[in-house]
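Trainee:
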Ligand code: V07
């Protein structure tokens, strides 16, 4: 009897969610959503679990949100999985984090392939452990021909470093007389960023109540709508993503066709 009631309730929630999803799909969706997946450690602490338990739970949320974003019809999902600052954490935690791509792909790559998801990476991958590189390269290769959702992981990524690398390459082009100063434009700088083949994010989500960018996509977020939530990343779910999308659409409606950059 009790079980039945719960199931009934679950179903009602599902119907509600499906309806909201369909309504969202009738309006302009954010093409590219970027997420700072914060609050995994705090989620674990609240349960007296080790931080790595929070990271592991966070990985499950990545699967859930990827599935749902694909289902909704989002074009690109960029997820901040590991920042250049994260190396400062205890070695044991870093080692654990560096095993997560393998674990994730070990169980989930067949589904990603089946769902036509294309896996991409941005960040300095050279210095990652060999076992991590092997797993992510395999995923990138095996999904390269897919043309559904682009699932873009930021791994060992830092935005200032990305910009510095771009500037260095441009300086070299100048030095070697390949381009002139006049040719340095926003488009040229764009073409040297790790996001050169992606659209700019339309919506940035950060979980866990922190309201800062933490060196994430500084250049690319110039015109992006930001959505912050107190929900910890392991607790983030389909309804949370819909809430963010609905908020984005509401703001878009308010602009009434005006572009966000027309701030005057
Ligand atoms: C990581 C889980 C999500 C919360 C944030 C920190 C911990 C998925 C991946 C991943 C990365 C590349 C890839 C496939 C999966 C991942 C790290 C951490 C380092 F090709 N989650 N996740 N990588 N966390």
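Residue numbers (the UniProt record's numbering): 1 to 264. Idealized CB from N, CA, C, for every residue including glycine. A quick note: this is a predicted structure, and the numbers were derived from the prediction, not measured.
Between 202, 194, 211, which lies nearest to residue 224 when the distance is taken from Cα to Cα?
Mentor: Here the closest residue by C-alpha is 202.
Trainee: Within the same chain, show all residues whose beta-carbon is closer than 8 Å to that of residue 53, passing over the 5 residues directly before and after it, in chain order.
Mentor: Result list for residue 53: 44, 47, in chain order.
Trainee: If we call anything under 9 Å between Cβ atoms a contact, is residue 34 one with residue 194?
Mentor: No, the pair does not count as a contact, with Cβ atoms beyond the cut-off.
Trainee: Quick check on residue 233: buried or exposed, where buried means 16 or more other Cβ atoms within 10 Å of its Cβ?
Mentor: Buried, since its Cβ has 16 or more Cβ neighbours within 10 Å.
Trainee: Would you mind giving the Cβ-Cβ distance between residue 144 and residue 205, rounded to the nearest angstrom? I have them listed as a contact below 8 Å.
Mentor: Contact flag wrong, Cβ pair sits at about 27 Å.
Trainee: Identify which residue in 124, 138, 220, 30 has its Cα closest to the Cα of residue 76.
Mentor: Closest option to residue 76, Cα to Cα, is 30.
Trainee: Using only alpha-carbon positions, find the residue among 222, 149, 186, 168 that is nearest to residue 79.
Mentor: Comparing Cα positions, the closest option is 149.
Trainee: Runs of 4 residues minimum, wholly inside the stretch 23 to 75: which ones carry the alpha helix (DSSP H) assignment?
Mentor: You should have 40 to 46, 51 to 72.
Trainee: Tell me the start and end of each unbroken beta strand (DSSP E) in the stretch 98 to 154 that is at least 3 residues and wholly inside, in chain order.
Mentor: Correct list: 118 to 122.
Trainee: Just tell me which of 37, 72, 17 has its CA closest to the CA of residue 25.
Mentor: Among 37, 72, 17, the Cα nearest to that of residue 25 is on 72.
Trainee: Go through its chain and collect everything with a Cβ distance to residue 248's Cβ below 6 Å, but skip five positions before and after it.
Mentor: Excluding positions up to five away in sequence, the list reads 30, 203, 225.
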